[in-house]
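Using the working numbering, the first residue of the sequence shown is number 349, and each one after it goes up by one.
Here a beta-carbon is modelled for each residue, glycine too, at the ideal position from N, C-alpha and C.
Model, not experiment: these values are computed from the prediction.
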Amino acid sequence: MTLLASRDAADEDTEDAATANQPSDPRWARPSVAALLLATAVLYLWNLGESGWANAFYSAAAQAGSVSWKALFFGSSDAANSITVDKTPAALWVMGLSARLFGVNAWSVLVPQALMGVGSVALLYAAVRRTSGPASGLLAGAVLALTPAAALMFRFNNPDSLLVLLLVAGAYCVVRALENASPRWLALAGAAVGFGFLAKMLQAFLVLPAFGLAYLIAAPTSLGKRLLHLGGAVVAVVVSAGWYLAVVASWPAADRPYIGGSQENSLWELALGYNGLGRITGDEVGSVGGGRNGGWGGTGWDRLFGTEMAGGIAWLLPAAVIALAAGLWFTRHARRTDRGRAALILWGGWFLVTAAVFSFMSGIIHAYYTIALAPAIAALVGIAGAQLWRARGTPAAAATLSGGIGLTALTAYLLLSRHSTWLPGLAIAILVAGLLCAILVFFASRLPVIARRLVAVGALVTVLAGTGVYTVATAATPHSGALPSAGPNNGRGMGPGGGGIVIGGQGGPGGAGGGLLGTSLPGENLTALLRQDSAKYTWTAATVGSNNAAGYQLGSGAPVMAVGGFNGTDPAPTLEQFQEYVRSGRIHYFLGDGMIMRGESGSDAAERIADWVAETYSPTTVDGVTVYDLTR
Numbered sequence: 349m350t351l352l353a354s355r356d357a358a359d360e361d362t363e364d365a366a367t368a369n370q371p372s373d374p375r376w377a378r379p380s381v382a383a384l385l386l387a388t389a390v391l392y393l394w395n396l397g398e399s400g401w402a403n404a405f406y407s408a409a410a411q412a413g414s415v416s417w418k419a420l421f422f423g424s425s426d427a428a429n430s431i432t433v434d435k436t437p438a439a440l441w442v443m444g445l446s447a448r449l450f451g452v453n454a455w456s457v458l459v460p461q462a463l464m465g466v467g468s469v470a471l472l473y474a475a476v477r478r479t480s481g482p483a484s485g486l487l488a489g490a491v492l493a494l495t496p497a498a499a500l501m502f503r504f505n506n507p508d509s510l511l512v513l514l515l516v517a518g519a520y521c522v523v524r525a526l527e528n529a530s531p532r533w534l535a536l537a538g539a540a541v542g543f544g545f546l547a548k549m550l551q552a553f554l555v556l557p558a559f560g561l562a563y564l565i566a567a568p569t570s571l572g573k574r575l576l577h578l579g580g581a582v583v584a585v586v587v588s589a590g591w592y593l594a595v596v597a598s599w600p601a602a603d604r605p606y607i608g609g610s611q612e613n614s615l616w617e618l619a620l621g622y623n624g625l626g627r628i629t630g631d632e633v634g635s636v637g638g639g640r641n642g643g644w645g646g647t648g649w650d651r652l653f654g655t656e657m658a659g660g661i662a663w664l665l666p667a668a669v670i671a672l673a674a675g676l677w678f679t680r681h682a683r684r685t686d687r688g689r690a691a692l693i694l695w696g697g698w699f700l701v702t703a704a705v706f707s708f709m710s711g712i713i714h715a716y717y718t719i720a721l722a723p724a725i726a727a728l729v730g731i732a733g734a735q736l737w738r739a740r741g742t743p744a745a746a747a748t749l750s751g752g753i754g755l756t757a758l759t760a761y762l763l764l765s766r767h768s769t770w771l772p773g774l775a776i777a778i779l780v781a782g783l784l785c786a787i788l789v790f791f792a793s794r795l796p797v798i799a800r801r802l803v804a805v806g807a808l809v810t811v812l813a814g815t816g817v818y819t820v821a822t823a824a825t826p827h828s829g830a831l832p833s834a835g836p837n838n839g840r841g842m843g844p845g846g847g848g849i850v851i852g853g854q855g856g857p858g859g860a861g862g863g864l865l866g867t868s869l870p871g872e873n874l875t876a877l878l879r880q881d882s883a884k885y886t887w888t889a890a891t892v893g894s895n896n897a898a899g900y901q902l903g904s905g906a907p908v909m910a911v912g913g914f915n916g917t918d919p920a921p922t923l924e925q926f927q928e929y930v931r932s933g934r935i936h937y938f939l940g941d942g943m944i945m946r947g948e949s950g951s952d953a954a955e956r957i958a959d960w961v962a963e964t965y966s967p968t969t970v971d972g973v974t975v976y977d978l979t980r
C-alpha cells in the first residue's frame, strides 16, 4: 500500500475511495455535491446581465445566427454572411440557438456559458471522485469554481467556456476508459477533444499528450491493445474535428462567408496559422502587434505569475506543483495500472503541457486563456489534498501538506499585496492564518478529534480564502470588450483590463464604433438612421473592423459588414468587390473616417476601401460618428 493510500484506522474521518467496482459514497457526499453545484450556479448566474453584451464580437455573431441558419453554421459576423469570426463556430452554435429560443439579449447569450461552468465543476467532481474519492472530488470542484479565471470566463461569452467543458468531459472519459481498458470510452474522449477543436482550434489538442500517456501507461490490457485503442481515439479526434473543416473546404467559396482571420479564405490556414502555430512562434499574418516585437509580453516560467495573468490563475499554482511532485513520488512503487497514479499523469500532464505553452508562446495570448489550466490545477490539489490529509500520520505526508498550505498562504499574500487599497489587511490575515494552520496540520495526527476537525476546516478556508475572495470580486464586476481580466473593478470602468462597451459617441478610430478591442453601441439618432429602410439593403452599413461592426449591428438589429474582419487586415472584401456591392445598391452607409488599425502584415484592402469612400462620398456626422451615404 502506498503512502497516499495509507489510513488512520482510529480516525472516524476516514472514508473509502470510490472505485469503479465499489462506487458507494458516504451519506454526506451527495448533499455536499448538490450544495457545491448550487453555490457555483449562484456565483456564475447572479447579476449576470450587468455585463450586457460582454464580448460584442461574439454577441453580434450570435445575433446573426439567430436570423440566418447559414450564419449560424459558419459563424458569420452578420446575417448577410460577409465574413466569419476568426474561430471555428461551436461556441456560437450554442449562443445562436439560445438566441433563437429566447430572443437576442444578454441573458440568452451569457447564461449558456454559466451553465457550462456548472457542468464543468460537476464533471470534474465525477472524474476525480472515481479515482480518489468524494472528498477529493469536492475539493477539486470547489477549487475550479473558485478560480478567478473560471468565474471570469463562465460569466462571459468567449469560446473558452465550451472548450473547458469539453476538455473536462474528455478527461472524465479517459478516467472511465482506464478502469477496464475501454476503447469506447477512450474514443468518446477523443470525440470530446475533437469538438473542443471546433470551439477554439488547436488549443484543444494541448491535453492530448496527457490523455494518451495516461492510457498508454496505466490501461489494464496488453501494450498492443493499448496502442490499438489509442489509434481509435486518434481517429475519433480527426473525425469529430475534421468533418467541419472538410465541409467548409468543399463548400463553394462564392456561396459562403469569407473565413475571418485568414488571408486565403481558408479554414485550414486559420487553424494552422493565425490560430495555430502562429500563436507559438508569433508569426501571425494579419495580427496587430505580435510576439516578434514583444507585443504580447515577455516569455518564461514566471509569465503565469506576472501582473497580467497571476490574479486569474496563480493562487494554487504552486500547490499544484507540490501536489503533482508529491503524488508521483509517493506512488512511485505502485503497480503499472494504479489508477491513482494514472490520474496524476492525466491531470499533471494537462497542467504541465498547457502551462509550458502559455509560458513560452510568442504569439497572441491573453490572461483569460489561463482558464484552461484551472481544471488540472483543481484536480491535482483535490487529489493530493485529501489523500495527504488521510496520510497525515506519516511525517512525510504531514510535512508535504503543511508546506503546501504555507506556500499557498504566502502566494495569496503576495498576490493580494498588489492591491494595496483593496481590502487592506486581508493579505496579512491570510498569511498569518495560513502559517498557523500549516504548523497545526503538521501535528494534526496528535490532536483530539474535535481539534483535528477544526484544523482541517481552518486549513481549507485559509487555502481557498485568497482565490475565493478574488473570484467573488471578479463575479461582482461587469465585464465587456475583447480583453476582460479577473479581479476587483478598482474604478477601471466596465471591466478590468477590457475594452468596454460605450453608448454612442466617439468609440474608436475615426469614430468607427469602438476600435480594435472595444465596442460602441450607436446613439439614438444613428440607430434610427441605420434601421431606416434597412430591409432594402443586404447590409445597412459597412465599417472597418469586427468590433466596430458589432456595436452597430447589435444596436440596429440589421446586418453590418465588418470590412477586413477582426483586425481590419483580412482581404475581405477587396476594393473591387466593395465597389461592386455599392454599385448594385447592397450597402447603405459606410461608418468611420478611415482605416488606422494596421499591423505589419496582412491585407490593406480595408484601408483602401476606407480611403476610396472618403474620396468619393461626402461625410456627415451623426452622434459623433462619421457617416457616408453610399446611395448618393
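Segment contact: the region 659–675 against the region 525–542, fewer than three CB-CB distances shorter than 8 angstroms; contact not assigned. Per DSSP, residue 974 is one residue of the beta strand (DSSP E) stretching across 973–977. One Cα belongs to residue 597, the other to residue 684, and the distance between them is close to 44 angstroms. The three-state secondary structure of residue 966, taken from DSSP, is coil. Looking at the backbone, the Cα of residue 816 and that of residue 974 are separated by about 46 angstroms. Shown here for residue 582: same chain residues with a beta carbon closer than 7 angstroms to its own, the five before and five after excluded, namely 538 in chain order.
In the three-state reduction of the DSSP assignment, residue 707 falls in the helix class.
With 16 or more other Cβ atoms inside 10 Å of its own Cβ, residue 826 counts as buried. Put simply, the backbone Cα of residue 887 is about 7 angstroms away from that of residue 906. If you look at residue 909, you'll find it in the beta strand (DSSP E) that goes 908–911. For residue 939, the enclosing beta strand (DSSP E) starts and ends at 935–939. Shown here, residue 900 sits in a helix according to DSSP, grouped into three states. Pairing residue 707 with residue 649 gives a Cβ-Cβ distance under 7 angstroms.
Pairwise C-beta distances place the region 433–440 in contact with the region 416–423, as three or more of them are shorter than 8 angstroms. Within the region 703–790, there are no complete beta strand (DSSP E) runs of at least 3 residues. Ranked by Cα distance from residue 728, the options 770, 755, 769 and 676 are led by 676. 7 angstroms or more divides the Cβ of residue 620 from the Cβ of residue 607.
The beta carbon of residue 937 sits closer than 8 angstroms to those of 877, 878, 888, 889, 890, 975, 976, 977 and 978, all from its chain and outside the five residues before and after it, given in chain order.
The three-state reading of DSSP puts residue 869 in strand, counting E and B together. Beyond the five residues adjoining it in sequence on each side, residue 662 comes within less than 7 angstroms, by CB distance, of 652, 653, 759 and 763 in the same chain, given in chain order.
Secondary structure note for residue 647: it is in no alpha helix (DSSP H), with a DSSP letter that is neither H nor E. Counting along the chain, residue 455 sits inside no beta strand (DSSP E); it lies in the alpha helix (DSSP H) bounded by residues 454–480. Secondary structure at residue 887: strand, using DSSP grouped into helix, strand and coil.
The bridge partners DSSP lists for residue 606 are 431.
Beta-bridge pairing by DSSP links residue 424 to 432.
Distance from the CA atom of residue 389 to the CA atom of residue 553, rounded to whole angstroms, is 28 angstroms. Residue 868 has its alpha-carbon roughly 18 angstroms from the corresponding atom of residue 433.
Only buried fits residue 803, as 16 or more other CB atoms lie within 10 angstroms of its CB. In the three-state reduction of the DSSP assignment, residue 512 falls in the helix class. Residue 892 and residue 828 have their C-alpha atoms spaced approximately 20 angstroms apart. Secondary structure in the region 654–710: the alpha helix (DSSP H) runs of 4 residues or longer, each lying completely within the stretch, are 658–661, 665–678 and 687–708 in chain order. Counting C-beta atoms within 10 angstroms of its own C-beta, residue 401 has 16 or more neighbours from the protein chains shown and is therefore classed as buried.
Remark: C-beta atoms of residue 882 and residue 730 do not approach each other more closely than 7 angstroms.
Here the region 464–474 lies against the region 511–523, with 3 or more beta-carbon pairs under 8 angstroms apart. A buried status is given to residue 733, since no fewer than 16 other beta-carbon atoms sit within 10 Å of its beta-carbon.
The alpha carbon of residue 917 has as its nearest neighbour, out of 633, 486, 924 and 571, the alpha carbon of 633.
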